[in-house]
Amino acid sequence: MVSKVISLDIIKYLTGIKGYSVKEIARATNSSTIHIDNIINKKEQFTGDDIKSYLKFADISFWQFTYEAIPLGHIPEKTRNRVKICKEIHDHIEKKSKK
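All residue numbers for the sequence shown refer to the numbering used here, where the first residue is 217 and numbers rise by one.
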């Protein structure tokens, strides 16, 4: 149940505070916009497996390397947003787990 709370929290944080669209979040997490909309509207629940599959894309070696390369301007816009979203998810989970 904890992962559901964290996940909904992350989506609200990314859409509300950071201003990412549901489509961008879905792309970054290898999910569907319908799935994320349903979570926001509480029609579906997140499971621990959802978090694991979403964070597979956010594999630390991939996104950290890519995130650090963003300022160099060699990364396409779509990939930049995916990586930024993955970093936000990772940082948000880190903060939650330290509490």
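By construction, the Cβ of each residue, glycine as well, lies at the ideal position given by its N, Cα and C atoms.
Ile256 is positioned such that its CB atom lies closer than 8 Å to that of Ile227. In this model, Lys239 and Glu304 are separated by some 16 Å (Cα to Cα). For Tyr229, the secondary structure class from DSSP, reduced to helix, strand or coil, is helix. Cβ-Cβ separation between Ile252 and Ala242: approximately 5 Å, consistent with a contact (criterion under 8 Å). With distances taken between CA atoms, Ser247 lies nearest to Ile301 out of Ile301, Tyr229 and Ile309.
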